[in-house]
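Working notes, beginning with the structure itself.
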Amino acid sequence: MCIRDRRGPGLGKLDELVNAFTWPGGPNAGDSEVRPMTAEERGRFERGRVIFAEVCSVCHQTSGLGEEGKAPPLRNSPWLLGSKKRPIRILVGGLIGPIEVAGKQWDLEMPVYDQSPEHVAAVLTYVRREWGHGADPITPEEVAQVMEEMQTRSAPWTAAELEAAGD
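In my numbering, the protein residues as written are 1 to 167.
Here you go:
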């Protein structure tokens, strides 16, 4: 029997602690094999690490666990790890709450990250592969395509709009 089966009231912090870590075969590892990154993708990942540390970690924290009142967690977030277009739309177009992440409602605004497709791809490749994530890297070409599709958009995305967009 594991600790989770015997926990009583007040041990929710144990779940938070376990969810903060990922290891092969662990509860957050997922079931699929992670494709190794190419040398080009690895370079993009490393550039994304630097950009994330300088820009994004102020709110999302270097741990990716977010901070109450600033930004939701990125770890294991379906908003980040599912479709490639969804996180591109969020970063390039911004996001306004409410949005549910990790079982909590967040009613904040994610500002637009107004940078080149290469910078956007680097940041997203990093967060889709850091903290035990295994989502596919994002290319500058994919970012440029979404930017082209969004040329006439002037308002931040809402969770409902992102869900309706599907991909």
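Idealized CB from N, CA, C, for every residue including glycine.
Asked	Found
Alpha-carbon spacing of arginine 47 relative to glutamine 145, whole angstroms	21 Å
Nonlocal neighbours in the same chain, by C-beta distance under 7 Å from cysteine 59, ignoring five residues either side	Glu67, Lys70 and Ala71
Range of the contiguous beta strand (DSSP E) that encloses glutamine 105	104-106
Spatial distance of leucine 11 from valine 101 (CA atoms)	The predicted model places leucine 11 with a pLDDT of 49, which falls under 50 and marks its position as unreliable; any figure quoted below should be read in that light. So the two alpha carbons sit approximately 20 Å from each other.
The ligand ATP heavy atom lying under 7 Å from the CB of glycine 132	By its list of ligands, the structure shown contains no ligand whatsoever, and the ligand ATP lies outside what it can speak to.
Contact set for glycine 103: own chain, Cβ-Cβ below 7 Å, skip 5 residues either direction	none
Alpha-carbon spacing of alanine 160 relative to methionine 37, whole angstroms	32 Å
Which residues DSSP lists as bridging leucine 95, in chain order	Met110 and Trp157
Sufficient close CB pairs (3 or more, under 8 Å) joining the stretch 79-86 to the stretch 112-119	no
Beta-carbon proximity check, tryptophan 131 vs glycine 43, cutoff 8 Å	no
Alpha helix (DSSP H) segment containing glycine 43, residue limits	39-51
Pairwise C-alpha distance: glutamate 40 and isoleucine 182	The first residue shown for the chain is 1 and the last is 167, placing residue 182 beyond what the model contains.
Own chain partners of arginine 128 with C-beta closer than 6 Å, once the 5 adjacent residues on each side are dropped	Ala135
Pick from Asp167, Trp157 and Asp107 that is closest to glycine 93, judged by C-alpha positions	Trp157
Integer Cβ distance of valine 50 from leucine 91, believed to fall under 8 Å	At roughly 16 Å, the Cβ-Cβ gap does not stay under 8 Å, so valine 50 and leucine 91 are not in contact.
For glutamate 163, the three-state DSSP class (helix, strand or coil)	helix
Proline 137 beta carbon less than 8 Å from that of threonine 125	yes
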